[in-house]
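For reference, the structure is listed below as structure tokens.
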Amino acid sequence: WIDDILPLVKDEGDPLGTLDLTTHHLPLDEAPHGYEIFQKKEDACIKVVLHP
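FYI, our numbering numbers position 36 of the sequence shown as 53, with every residue one higher than the one before it.
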């Protein structure tokens, strides 16, 4: 099933509305900061996505 859903998740048109679920996008080297703001719910953080 992952082969079927992955193109939908990667689609820049966001057909599944997944972009509304994330509030912060950070590079991988900022993971500790991302975890901290998520844990403390700072800056209205709901979900952090880390990019390699």
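Glycine residues also receive a C-beta, built at the ideal position from the N, C-alpha and C atoms.
- Lys58 is positioned such that its CB atom lies no closer than 8 Å to that of Leu38.
- Counting only residues of its own chain and dropping the five nearest sequence neighbours on each side, Leu25 has a CB closer than 7 Å to the CB of Pro32 and Leu33.
- The beta carbons of Ala61 and Thr40 sit about 6 Å from each other, so the pair counts as a contact at 8 Å.
- Looking only at Asp28, Asp46, Ile54 and Glu53, the smallest Cα-Cα distance to His68 is reached by Asp46.
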